[in-house]
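J.: Structure incoming, see below.
Chains as they are written, first to last, in our numbering: chain A, 4 to 242; chain B, 778 to 1079.
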């Protein structure tokens, strides 16, 4: 436990940089500004909730959450491999899963508050409804957990993880999966969107899963990605 | 211990069929840059899996056995440490990850061994290369490992710090620990006063005590360029003197000499130039010192 905590603290400090925080903060401010604009224009409550959910669907879970997760998570282990400092952790008598879990938790503990809070606040401003804001917080939190674990793995697998991650997001998540059908089943964002749709009773395109499925699948994806990260850490040659 | 260990990166064979048993005490791993020293150390520490062969260090295969890894202290070649941390945090992290009972005390003791003040607050990224190197050594020592694998640990240290670290490595060796130190500097290895393993082109070129290796090196032919006012006269006198086995006068003021006795040659050329009142401008080895030695050793002295 002490080792896990020490790794978590180290990785957390390594990934919090001014540049990353500015990028993430900028995203949050943009979403909040749009929410304020929506809030002024709508008087009907149900329409306000739908507008708030639409905002989070398009800009939040569709764009902000995966991109913030990609920027933060892919660098967690990726940077250690890039600057070769991973050897100082790798050669210690340490179970690999601890390093994988610490990397996931470190990136998630930056990504979740920095996406969930502004998005929930934006949803609240747009919808003027606390339960909508809570549903948004849950959905974005689940999305952050799944994307975070996936992009930690990506950072371990690829040197240019940011580019590969963007290709994945724009080609698979936003283009192929958007066609619907089977490909949508393999899109992470459809699960948290389903949670949001079930909890707010707002129709969201591709959000066809039940509430339990919407909650469980992102967690399972995250755990599988963390497991694969640990497995890969065991196999790689480190510099 | 490495048995018939090889490591390839695609078509490039970095280490080829090395069998090696390192005993307690200090052993120097000597070889020119690109000889395969770092790759061998990476396999011995478990960082890299051998393409073929087996590695057994500190009672296990460090690649798969965390307990064995826990008995190894490693100073990797790369310069970077966790740049945003201070030195105590870096060394303490090593202690925590190695399950040391009192990480803070162990970290302070390790920093004391490398003569660094644990109270320095500024981040390691702001340190000189020499200080970072000592932080790496402290982190390698913090869990009191039985085996120390040190990849060019003296790089970046000033002469005084080098001397201190050599004394430290020697004392660790005298305590019965196995210390394997890589270097490409012959004079550095001489100061270890240790056993030497020589690598060249990914192969084990020679091993033995330092003096035996040194003698082997000194008996190899060495090409030297001599620049003086009358190259032909000086070259002729040197050939007659017996320390030169080959000679080619390239210009009126330059000659290329091949000698198989560099010490005798040094004495002879000074004497010859003095006797003939010829001003000696330069004596320049044409082979990179170690490279030529290793080529010689790998060639089996042919």
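Beta carbons are placed, not taken as given, at the ideal position from N, Cα and C, and that holds for glycine.
Output the boundary residues of the beta strand (DSSP E) element that contains residue 1001/B.
T.: That run of the beta strand (DSSP E) goes 999 to 1005.
J.: Does the distance from the C-beta atom of residue 1017/B to that of residue 1026/B stay below 7 angstroms?
T.: Their beta carbons are not under 7 angstroms apart, which means residue 1017/B does not touch residue 1026/B by this criterion.
J.: Output the boundary residues of the beta strand (DSSP E) element that contains residue 781/B.
T.: Looking at the DSSP string, the run of the beta strand (DSSP E) that includes residue 781/B is 779 to 786.
J.: Taking 7 angstroms as the threshold (beta carbon to beta carbon), is residue 73/A in contact with chain B?
T.: With 7 angstroms as the cut-off, residue 73/A does not count as an interface residue toward chain B.
J.: Which class does residue 858/B belong to by DSSP, given the choice of helix, strand or coil?
T.: The answer is coil: DSSP assigns residue 858/B none of H, G, I, E or B.
J.: Alpha carbon to alpha carbon, how far is residue 933/B from residue 910/B? Give it in angstroms, no decimals.
T.: For residue 910/B and residue 933/B, the distance between alpha carbons rounds to 7 angstroms.
J.: For residue 784/B and residue 808/B, I'd like the C-alpha separation in whole angstroms.
T.: Each residue's alpha carbon lies about 17 angstroms from the other.
J.: Any idea if residue 789/B is buried or exposed, counting beta-carbon neighbours within 10 angstroms, 16 or more meaning buried?
T.: The residue in question, residue 789/B, is exposed, as its Cβ has fewer than 16 Cβ neighbours within 10 Å.
J.: So with CB distances below 9 angstroms, who are the chain A contacts of residue 916/B?
T.: Within chain A, the residues near residue 916/B are 91.
J.: Quick one: what does DSSP say residue 919/B is sitting in, helix, strand or coil?
T.: Coil at residue 919/B, not helix or strand.
J.: Given a cut-off of 7 angstroms, decide if residue 203/A and residue 56/A are closer than it, judged by their beta-carbon atoms.
T.: Yes. Within cutoff.
J.: Compute the Euclidean distance between the alpha carbons of residue 1079/B and residue 990/B, then round it to the nearest angstrom.
T.: For residue 1079/B, the predicted structure reports a pLDDT of 38, less than 50, and the residue's modelled location is therefore unreliable. A value from the coordinates is still provided. Their Cα atoms are separated by approximately 16 angstroms.
J.: Rounded to the nearest angstrom, what separates residue 153/A and residue 224/A at their Cα positions?
T.: The straight-line gap from Cα to Cα measures roughly 8 angstroms.
J.: Might you give, ordered along the chain, the residues of its own chain that have their beta carbon closer than 8 angstroms to the beta carbon of residue 800/B, omitting 5 neighbours on each side?
T.: Closer than 8 angstroms at the Cβ level, and outside the excluded window around residue 800/B, lie 955, 972.
J.: Looking at chain A, is there any beta carbon in it that lies within less than 7 angstroms of the beta carbon of residue 818/B?
T.: Not closer than 7 angstroms to any Cβ of chain A, the Cβ of residue 818/B fails to qualify, so no.
J.: Would you say the stretch 51 to 69 of chain A touches the stretch 841 to 849 of chain B, given that touching needs at least three Cβ pairs under 8 angstroms?
T.: No, because fewer than three Cβ pairs between the stretch 51 to 69 of chain A and the stretch 841 to 849 of chain B fall closer than 8 angstroms, the two stretches do not touch.
J.: According to the Cβ coordinates, are residue 803/B and residue 821/B closer than 7 angstroms?
T.: No, these two residues do not count as a Cβ contact at 7 angstroms.
J.: Helix, strand or coil for residue 1077/B, going by three-state DSSP, please let me know.
T.: Interpretation of residue 1077/B is limited by its pLDDT of 44, a score under 50 that renders its predicted location unreliable; the figure taken from the coordinates is listed afterwards. Of the three classes helix, strand and coil, the one that applies to residue 1077/B here is coil, per DSSP.
J.: Just confirm the distance between the C-beta atoms of residue 895/B and residue 864/B, as a whole number of angstroms; I'd bet it's less than 8 angstroms.
T.: Confirmed, about 7 angstroms.
J.: Helix or strand or just coil, what does DSSP make of residue 795/B?
T.: Reduced to three states, the DSSP call for residue 795/B is strand.
J.: Under 8 angstroms: do the stretch 103 to 110 of chain A and the stretch 24 to 37 of chain A share three or more Cβ pairs, one atom per stretch?
T.: Contact between the stretch 103 to 110 of chain A and the stretch 24 to 37 of chain A is absent, because fewer than three Cβ pairs lie under 8 angstroms.
J.: Can you give the Cα-Cα distance for residue 1019/B and residue 1044/B, rounded to whole angstroms?
T.: Each residue's alpha carbon lies about 12 angstroms from the other.
J.: Counting only beta-carbon atoms, is residue 21/A nearer than 7 angstroms to chain B?
T.: Chain B contact via Cβ: absent.
J.: Would you list the one or two residues that DSSP bridges to residue 802/B?
T.: DSSP, once it has assigned bridges, lists 955/B as partnering residue 802/B.
J.: Closer than 8 angstroms by beta-carbon distance: list the chain A residues that pair up with residue 899/B, in chain order.
T.: Within chain A, no residue comes near residue 899/B; the closest Cβ sits about 15 angstroms away, beyond 8 angstroms.
J.: How big is the Cα-Cα spacing for residue 188/A and residue 180/A?
T.: So the two alpha carbons sit approximately 8 angstroms from each other.
J.: Taking 6 angstroms as the cut-off, does the CB of residue 122/A come closer than this to any heavy atom belonging to the ligand FMN?
T.: For the ligand FMN, the structure offers nothing, since it holds no ligand at all.
J.: Whole angstroms is fine: what's the gap from residue 992/B's alpha carbon to residue 1038/B's?
T.: Approximately 11 angstroms, taken between the alpha carbons.
J.: Quick check on residue 219/A: does DSSP put it in helix, strand or coil?
T.: Residue 219/A: helix per DSSP, three-state reduction.
J.: Determine whether the Cβ of residue 960/B lies closer than 7 angstroms to any Cβ atom of chain A.
T.: Answer no: the Cβ-Cβ gap between residue 960/B and chain A never drops below 7 angstroms.
J.: Using 8 angstroms as the Cβ pair cut-off and three pairs as the minimum, do the stretch 219 to 236 of chain A and the stretch 84 to 104 of chain A touch?
T.: They touch, by the three-pair rule.
J.: Given a threshold of 16 other Cβ atoms within 10 Å of its Cβ, counted over all protein chains shown, does residue 53/A qualify as buried or as exposed?
T.: With 16 or more other Cβ atoms within 10 Å, it is buried.
J.: Between the alpha carbons of residue 818/B and residue 1022/B, how many angstroms are there, rounded?
T.: So the alpha carbons of these two residues sit roughly 39 angstroms apart.
J.: Runs of 4 residues minimum, wholly inside the stretch 816 to 886 of chain B: which ones carry the alpha helix (DSSP H) assignment?
T.: Listed in chain order, they are 843 to 847, 864 to 874.
J.: Can you give the Cα-Cα distance for residue 966/B and residue 960/B, rounded to whole angstroms?
T.: Approximately 7 angstroms, taken between the alpha carbons.
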